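A short worksheet on the structure shown next.
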Amino acid sequence: MKTTRSSILCLVVLLFAAPLLRAQDISKYRHFTLGMRLTKVLERTEQRVADVKVVHGRPALIQELTWWPPTLPGISYQSDTVEQILFSFYNSELYKISVTYDRTSTEGLTEEDMVKS
576 MKTTRSSILC
586 LVVLLFAAPL
596 LRAQDISKYR
606 HFTLGMRLTK
616 VLERTEQRVA
626 DVKVVHGRPA
636 LIQELTWWPP
646 TLPGISYQSD
656 TVEQILFSFY
666 NSELYKISVT
676 YDRTSTEGLT
686 EEDMVKS
């Protein structure tokens with residue numbers, strides 16, 4: 576009886592712990608993290624406050640920043656397949672990252688391939 580109880584307990588712990596072992600942190604994209612402050616994103620993208628578009632001012636401040644990663648060799652944000660990134664901010668905190676990939680680099684990929692990458 577003791578062995579059965581221990582086995583069941585181990586199985587339950589394993590079932591709850593298994594997803595944590597392979598879980599991917601979806602709150603991050605490259606060097607950007609959801610919740611990041613607008614000033615930090617501006618710093619990392621080398622953009623200015625003037626580049627930020629105010630979408631809505633009240634009751635909450637909603638802002639957007641469109642960034643085209645540089646294509647020069649040797650730059651840490653080399654665009655590889657990224658055409659542009661749209662950052663959306665809620666009260667100056669990053670809440671959404673929308674990435675547009677170069678059409679030619681994603682030809683032939685299935686939906687599953689895109690999710691995996």
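Numbering (this note's numbering), first residue to last: 576 to 692.
Backbone N, C-alpha and C define an ideal beta-carbon position, used for all residues, glycine too.
None of the values given here were measured: they were computed from a predicted structure.
Give every residue of the same chain whose Cβ lies closer than 7 Å to the Cβ of residue i, excluding the five residues on either side of it in the sequence, and list them in chain order.
i, result
"Val630", "Ile637, Gln638, Glu639"
"Ser680", "Thr656"
"Asp626", "Leu640"
Provide the residue(s) that pair with residue i in DSSP beta bridges, ordered along the chain.
i, result
"Ser663", "Glu639, Lys671"
"Lys628", "Glu639"
"Arg605", "Looking at the DSSP assignment, Arg605 forms no beta bridge with any residue, so it has no partner."
"Arg612", "Glu668"
Note down the Cα distance separating residue i from residue j, rounded to an integer number of angstroms.
i, j, result
"Asp677", "Arg605", "17 Å"
"Asp688", "Glu682", "11 Å"
"Thr614", "Lys603", "17 Å"
"Thr620", "Thr608", "13 Å"
"Ala635", "Val624", "18 Å"
"Thr656", "Trp643", "11 Å"
"Lys691", "Leu684", "11 Å"
"Arg580", "Asp600", "34 Å"
"Ile583", "Lys577", "10 Å"
"Pro645", "Glu686", "27 Å"
Could you check which residue in the options has the C-alpha nearest to that of residue i?
i, options, result
"Gln622", "Leu661, Val690, Thr685, Val674", "Leu661"
"Ser673", "Thr679, Arg612, Ser663", "Ser663"
"Val616", "Thr675, Thr685, Tyr670, Glu687", "Tyr670"
"Glu658", "Thr641, Glu618, Tyr665", "Thr641"
"Ser628", "Tyr665, Ser680, Ile601, Pro645", "The sequence given here has Lys at residue 628, not Ser. Ranking Tyr665, Ser680, Ile601, Pro645 by Cα distance to Lys628 puts Tyr665 first."
For residue i, I'd like the list of residues in its chain whose CB is within less than 6 Å of its CB, leaving aside the five on either flank, ordered along the chain.
i, result
"Glu668", "Gly610"
What three-state label does DSSP hand residue i in the structure shown?
i, result
"Glu658", "strand"
Is residue i close to chain B? Criterion is C-beta to C-beta, closer than 8 Å.
i, result
"Glu658", "Any reference to chain B falls outside this structure, which holds one protein chain only."
Short of 8 Å in beta carbon distance, which residues of its chain neighbour residue i, apart from the five on each side in sequence? Order them along the chain.
i, result
"Thr675", "Val657, Glu658, Gln659, Ile660, Leu661"
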